[in-house]
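Q: Residue numbers (the working numbering): 274 to 533.
#1: Can you pull the DSSP bridge partners for residue 520?
#2: With three or more beta-carbon pairs closer than 8 angstroms as the criterion, would you say the stretch 392-405 touches the stretch 325-332?
#3: Which runs of the beta strand (DSSP E) fall wholly inside the stretch 368-430 and span at least 3 residues, in chain order?
#4: Nearest CA to the CA of residue 410: which residue from 434, 397, 440?
#5: To which residues of the same chain is residue 354 closer than 6 angstroms at the C-beta, ignoring the five residues directly before and after it?
#6: Rounded to whole angstroms, what is the Cα-Cα separation between residue 456 and residue 377?
#7: I need the boundaries of the alpha helix (DSSP H) containing residue 463, first residue and last residue.
#8: Give a yes or no on whether the C-beta atoms belonging to residue 417 and residue 508 are separated by under 9 angstroms.
#9: For residue 502, which residues in the same chain have their Cβ closer than 6 angstroms to its Cβ, ignoring the five residues on either side in sequence?
#10: Secondary structure at residue 340, three-state DSSP: helix, strand or coil?
#11: Am I right that residue 343 and residue 368 are in contact with their C-beta atoms under 8 angstroms? What's the rounded C-beta distance?
#12: Taking the beta strand (DSSP E) that residue 452 belongs to, which residues open and close that run?
#13: Report the CB separation of residue 350 from residue 397 in whole angstroms; it is logged as a contact under 8 angstroms.
#14: Straight-line CA distance for residue 317 to residue 346?
#15: Mind checking which residues open and close the beta strand (DSSP E) that includes residue 480?
#16: Look at the alpha carbon of residue 490 and the alpha carbon of residue 388, and state the distance between them as a whole number of angstroms.
#17: Please confirm whether residue 446 and residue 470 have their CB atoms less than 9 angstroms apart.
#18: Mind reading off the beta-carbon distance from residue 486 to residue 515? Whole number of angstroms is fine, and I expect it under 8 angstroms.
#19: Compute the Euclidean distance between the alpha carbons of residue 494 and residue 372, then round it to the nearest angstrom.
#20: What distance in whole Å lies between the Cβ atoms of residue 337 and residue 384, which are believed to be in contact at a cut-off of 8 angstroms?
#21: Please name the residue, chosen from 476, 488, 438, 482, that lies closest to residue 412 on a Cα-to-Cα basis.
#22: By the 10 Å Cβ neighbour count, where 16 or more other Cβ atoms means buried, how is residue 305 classified, buried or exposed?
#23: Here's the rule: buried if 16 or more other CB atoms are within 10 angstroms of the residue's CB, otherwise exposed. What is residue 333?
#24: Give the straight-line distance between the Cα atoms of residue 523 and residue 482, rounded to the nearest whole angstrom.
#25: Would you kindly check if the distance between the Cβ of residue 518 and the Cβ of residue 419 is under 9 angstroms?
#26: If distances are taken between C-alpha atoms only, which option among 386, 401, 360, 390 comes closest to residue 352?
#27: With a CB to CB cut of under 8 angstroms and the five nearest residues on each side skipped, what residues in its chain are close to residue 390?
Structure representation (structure tokens):
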């Protein structure tokens, strides 16, 4: 039985479409294998499990360690903690994974009392951790707090220095500012020192350019601006702390990108 010409053409078209699809599948598969081999940190597909990509196990981390996590799926809420060897939290940050199911962040690490510790990542259903070592080189920075009592006009701008030990890094100004956000110690509070900085304020960015530093805070800093006196005290604490640690002449304070 003869096969009509249209049917032959249809068979030819179907054959070549199937062939083209097979070639495309092979190209995609080979491309993924190549990406995984050549750039493992840039292409890590979701596996349904939490994975800590960085820092690597047993790595030595400093004050602002970059942390990378692969979550079970995109748009997954992940909590990342830095713990000392005894499991005491030293720092914590929250993030939502992007479209590739990845989380990349930096979290300020204060001075750790133990030489070893952990990076812990937790989602709704999973918790994992990896062991790290803490950088032991330290430096001393000065913070500036206000003091309770005294004349109102003086207390607005008068600040007093205290010392803090921080992990040594290239950005002493940021380390000092992060310590300022943590507030006075119990001993300092008993000595009458106070702070104009509200609780749970986060530093979003810290940029240095020549003799200027731009410090951008989240909206929580607005809670400390209840009056002109409170604003003056807050400014003075931030400016004096940064100038002392970063050795700059000018400090620009921002809240969510807008100048204070």
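Ideal Cβ positions, reconstructed from N, Cα and C, are used throughout, including at glycine. Just so you know, these numbers come straight off a predicted model, no measurement behind them.
A: Here's the rundown:
#1: BP columns for residue 520 are empty, so no partner.
#2: yes
#3: 375-379, 389-395, 400-407, 411-420
#4: 440
#5: Correct list, in chain order: 362, 365, 393.
#6: 27 angstroms
#7: 459-463
#8: no
#9: 429
#10: Strand.
#11: Rounded to whole angstroms, the Cβ separation of residue 343 and residue 368 is 12 angstroms, and the two are not in contact under 8 angstroms.
#12: Careful: residue 452 lies outside any beta strand (DSSP E), inside the alpha helix (DSSP H) at 445-455.
#13: 7 angstroms
#14: At residue 317, the pLDDT of 41 sits below 50, so the modelled position is not reliable and the matter cannot be decided from this model.
#15: 476-482
#16: 31 angstroms
#17: No, these two residues do not count as a Cβ contact at 9 angstroms.
#18: 5 angstroms
#19: Distance between the alpha carbons of residue 494 and residue 372: 31 angstroms.
#20: Contact doesn't hold; Cβ gap of about 13 angstroms is too wide.
#21: 438
#22: Per-residue confidence for residue 305 stands at a pLDDT of 42, beneath the threshold of 50, marking its modelled position as unreliable; the derived number appears in the next sentence. Result: exposed.
#23: Residue 333 should be labelled exposed.
#24: 10 angstroms
#25: no
#26: 401
#27: 355, 356, 357, 358, 363, 404, 405, 406, 407
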